[in-house]
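Numbering (our numbering), first residue to last: 99 to 252.
The beta carbon of each residue, even a glycine, is placed where N, CA and C say it ideally should be.
Since we're looking at a predicted model, the values are computed, not measured.
One structure below.
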């Protein structure tokens with residue numbers, strides 16, 4: 099059984115666009131590279147051919163992965179703001195040092211920590227999902243346990 103893929107509508111659009119780009123642009127480029135490499139002659143010692151075959155395998159594997167994600171997508175549409183859930187953005191306070199941070203909780207395929215999009219499978223998201231404004235959660239991390247307080251859900 100394939101695992102469900104939680105996606106926002108924007109995440110689904112991005113995946114569909116990547117799939118289209120791979121099929122319409124990258125796949126033809128790889129096919130041309132294979133043709134050119136074959137034209138060079140002996141395939142047994144042809145580094146260009148080996149590289150093109152490797153690239154082809156990578157592209158085809160990614161296409162299969164994206165198609166599976168789309169097929170098993172669970173789209174997050176209506177998001178309530180009374181409790182933290184996938185699709186919400188939250189403002190939290192790190193209790194120990196009084197620092198605040200905002201995160202968007204997304205499915206694991208959309209996670210982008212550099213843009214404060216955290217996976218619903220991350221320790222901090224798992225700790226705060228289901229909580230309300232004012233609740234304090236203990237977050238287990240590789241560096242030890244810490245507490246966060248939910249300041250805002252939007």
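In summary, residue 142 is exposed, with fewer than 16 beta-carbon neighbours lying within 10 Å of its beta-carbon over all protein chains present. Within the same chain, Cβ atoms closer than 8 Å to the Cβ of residue 167 are found at 103, 105, 113, 207, the five residues on either side in sequence being excluded. Short of 7 Å from the beta carbon of residue 180, and not among the five residues preceding or following it, lie these beta carbons of its own chain, in chain order: 230. In the structure shown, the three-state DSSP call for residue 102 is coil. A residue is called buried once 16 or more other Cβ atoms fall within 10 Å of its Cβ, and residue 172, having fewer, is exposed. CA-CA distance, residue 184 to residue 193, rounds to 23 Å.
Just so you know, the alpha carbons of residue 182 and residue 150 end up roughly 46 Å apart.
Excluding five sequence positions before and after residue 225, the CB atoms of its chain that fall closer than 6 Å to its own CB belong to 235, 237, given in chain order. In the three-state scheme derived from DSSP, where H, G and I count as helix and E and B as strand, residue 108 is classed as helix. In its chain, beyond the 5 residues on either side, 104, 184, 203, 204, 205, 206, 224, 227 have a beta carbon closer than 8 Å to the beta carbon of residue 218. By the 16-neighbour rule on beta-carbons within 10 angstroms, residue 109 is buried. The C-beta distance from residue 165 to residue 128 rounds to 17 Å, too long to meet the 8 Å contact threshold. Close CB contacts of residue 161 within its chain, under the 8 Å cut and outside five residues either way in sequence, are with 117, 120, 121, 125 (chain order). Counted as a single uninterrupted DSSP element, the beta strand (DSSP E) harbouring residue 234 occupies residues 234-239. Per the C-alpha coordinates, the member of 197, 247, 111, 221 positioned closest to residue 241 is 221.
For residue 250, the CB contacts under 6 Å within the same chain, skipping 5 residues up- and downstream, are 189 in chain order.
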